[in-house]
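Numbering (my numbering), first residue to last: 2 to 86.
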């Protein structure tokens, strides 16, 4: 999902993307190497976004568990008035 979101702006009509490709070509990379490098960078960034998503999901689970533990109160030992009878 993140890879698609990152690459949907990568087309010939985006001047920033075209300029970036021209700069990589000026370094001596072929067209295939340039696209391969872009794909590699997009894959790395998508993986990092996936890790961030897992962190947010884990944080949400921990907050939900904290609320659940806080709501549930343990029963007191001794039983109060019923134990006296």
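Built from N, CA and C at the ideal position, the CB exists for glycine as well.
In the displayed model, residue 2 falls within coil according to three-state DSSP, outside both helix and strand. In the DSSP assignment, residue 56 falls within the alpha helix (DSSP H) that extends over 32 to 72. Residue 16 carries a helical assignment under DSSP once its states are collapsed to helix, strand and coil. A Cβ-Cβ distance of about 4 Å is found for the pair residue 3 and residue 50, placing them in contact under the 8 Å criterion. Contact annotation: residue 65 and residue 7 have beta-carbon atoms that are not nearer than 7 Å.
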